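In our numbering, the protein residues as written are -14 to 31. Heads up, the beta-carbon is just placed ideally off N, CA and C, and yes, glycines get one too. In this text, all values refer to a predicted model and were calculated from it rather than measured experimentally. For reference, the structure discussed in these notes is given below.
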Amino acid sequence: EHLPKLISHAFYFGVQKAMEFKEKEKIIEKAKEEIRRKRDLEKMYT
């Protein structure tokens, strides 16, 4: 009787972690884009 609650909790926790990971990936991708853009600008001006 206690097991389903535990499983659903673990599932919820896993989903939450996956969401956090995706958010971090998005942030990293944005940072990479910014760096690339800055490099391109530097190339244009040098």
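For residue i, which three-state DSSP category applies?
i: His(-13); result: coil
Expressed to the nearest angstrom, what Euclidean distance is found between the alpha-carbon atoms of residue i and residue j?
i: Lys(-10); j: Val0; result: 15 Å
i: Lys2; j: Arg24; result: 33 Å
i: Phe(-2); j: Phe6; result: 12 Å
i: Lys17; j: Ala(-5); result: 33 Å
i: Glu27; j: Met4; result: 35 Å
i: Tyr30; j: Ser(-7); result: 56 Å
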